[in-house]
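A.B. asks: Structure provided below as structure tokens; questions to follow.
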Amino acid sequence: MPRRNELEHKALDVISNNGTDGVLQSELWRELDATSREGSRIALKLETKGLILREKELFEGRWTYRLFPKRKPASLSSIIDSPCLMCTNDARCGAWSPISPNDCPRLTMWILGVEEEENEIAESSGET
Ligand code: SF4
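Just so we're aligned: the sequence shown equals residues 12 to 139 in our numbering.
This is the structure in structure tokens:
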């Protein structure tokens with residue numbers, strides 16, 4: 012059914028663009044010009060596919076759901092110090108090229124450094 016698939020894609024776009032704030036189910040259907048029945052079915056389908064999370068929320072005296080994307084878009088700040096951004100081999104580097112991220116020591120060291128920083132943050136906040 013093309014309309015439903017189209018609505019699913021649009022709904023996922025809107026939910027993803029709202030990021031950590033999420034979007035109320037009722038606001039979403041208004042934005043997509045869908046009925047609440049259509050909207051509920053699409054939200055359930057997206058949740059079943061593992062693409063969104065639904066959290067129950069009391070809004071203006073009525074129970075509804077706030078929808079969040081499961082996959083968060085990468086932020087530019089997370090890669091700003093990646094060695095690839097200033098690498099002189101960038102144009103020749105590729106997965107199947109002689110110069111490859113698969114065996115690049117600079118990239119490996121950077122990834123391990125990021126992982127180490129994340130572990131230190133987790134340890135200091137008691138998450139481990
Ligand atoms: S993977 Fe290594 S060689 Fe390739 S662009 Fe990044 S730093 Fe340069």
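Built from N, CA and C at the ideal position, the CB exists for glycine as well. The model shown is predicted, which means the values in this text are computed figures rather than measured ones.
1) Whose C-beta lies closer than 8 Å to the C-beta of LEU35 among residues of the same chain, with five residues either side of it excluded?
2) Compare the Cα-Cα distances from THR59 to each of ASP24, PRO80, LEU96 and report the closest residue.
3) Provide the residue span of the beta strand (DSSP E) that contains GLY67, from first to last.
4) Considering only C-alpha positions, which residue in the set ASP32, PRO94, ILE122 is nearest to GLU66?
5) Would LEU96 pass as a contact of GLU49 if the rule is Cβ separation under 8 Å?
6) Less than 7 Å between the CB of ILE110 and some heavy atom of ligand 1, yes or no?
7) Measuring alpha carbon to alpha carbon, tell me which residue in ARG41, THR46, LYS83, GLY72 is nearest GLY61.
8) Ignore the nearest five residues each way along the sequence and tell me which others in LEU43's own chain have a CB closer than 8 Å to its CB.
9) What would DSSP say about ILE110, mapped onto helix, strand or coil?
10) Report the residue from SER47, ASN16, TRP121, ALA54 whose alpha carbon sits nearest the alpha carbon of CYS98.
11) Are there any heavy atoms of ligand 1 lying less than 7 Å away from the beta-carbon of LEU118, as far as the coordinates show?
12) Distance check for GLU128 and GLU134, CA to CA, integer angstroms please.
C.D. replies: Looking at the atomic coordinates:
1) GLU68, PHE70, THR75, TYR76, ARG77, LEU78
2) PRO80
3) According to the sequence shown, residue 67 is Lys rather than Gly. LYS67 -> beta strand (DSSP E) spans 63–70.
4) ASP32
5) No; because the gap between Cβ atoms is not below 8 Å, this pair is not in contact.
6) yes
7) Closest option to GLY61, judged by alpha-carbon separation, among ARG41, THR46, LYS83, GLY72: LYS83.
8) LEU18, LYS21, ALA22, VAL25, GLY50
9) strand
10) TRP121
11) yes
12) 10 Å
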